[in-house]
Amino acid sequence: MNTEEYINKLFLESGWYEGREVKIKKSLTEGRNAAHENANAILAQYGGLKVGKVGVGRELSASDILFKYEAIDFGSKFRNWWPSLSTSLFCFCICSL
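Residue numbering for the sequence shown follows the working numbering, starting at 21 and increasing by one per position.
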């Protein structure tokens with residue numbers, strides 16, 4: 021099984037399916053740009069999924085990934101440090117180790 025097939029298998033086992041759309045807790049509307057639209061789309065499709073499990077991996081140890089129902093925009097943190105940086109950076113999930 022190649023990497024793409026393996027990842028697809030993990031997502032299917034976690035409950036993901038084509039066309040999945042869940043209600044997200046807080047839609048990202050501030051600044052309404054392509055990054056916000058993409059973030060909302062990711063949340064709607066993957067929100068709430070727990071993918072994989074902690075254990076032995078292929079090259080490193082494996083971890084599970086929990087997709088949240090809301091995203092945190094870290095772009096504002098970066099803009100505090102680098103005002104000339106105009107970017108959006110979102111966190112969608114957490115991992116167990």
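Where a beta carbon is used, it is the ideal one built from N, C-alpha and C, also for glycine.
All values reported here derive from a predicted model rather than from experimental measurement.
Residue interval of the beta strand (DSSP E) (run including residue 32): For the purposes of this step, residue 32 is taken as residue 12 along the sequence shown, with counting starting at 1. Careful: residue 32 lies outside any beta strand (DSSP E), inside the alpha helix (DSSP H) at 23-33.
Can you look up residue 86 in the DSSP assignment and give me helix, strand or coil? To locate residue 86, count along the sequence shown from 1; it is residue 66. It is a strand residue.
Is the region 98-105 touching the region 68-83 in the sense that three or more CB pairs, one from each, lie closer than 8 Å? no
Endpoints, beta strand (DSSP E) assigned at residue 114: Translated into the one-based positions of the sequence shown, residue 114 becomes position 94. That run of the beta strand (DSSP E) goes 110-115.
Give me the Cα-Cα distance between residue 106 and residue 39, rounded to the nearest whole angstrom. In the sequence shown, the residue the question calls residue 106 occupies position 86. In the sequence shown, the residue the question calls residue 39 occupies position 19. In a straight line, the C-alpha of residue 106 is about 32 Å away from that of residue 39.
Using CA atoms only, rank isn't needed, just tell me which of 29, 115, 45 and 96 is closest to residue 74. In the sequence shown, counting from the first residue as 1, residue 74 sits at position 54. The shortest C-alpha separation from residue 74 is found at 115.
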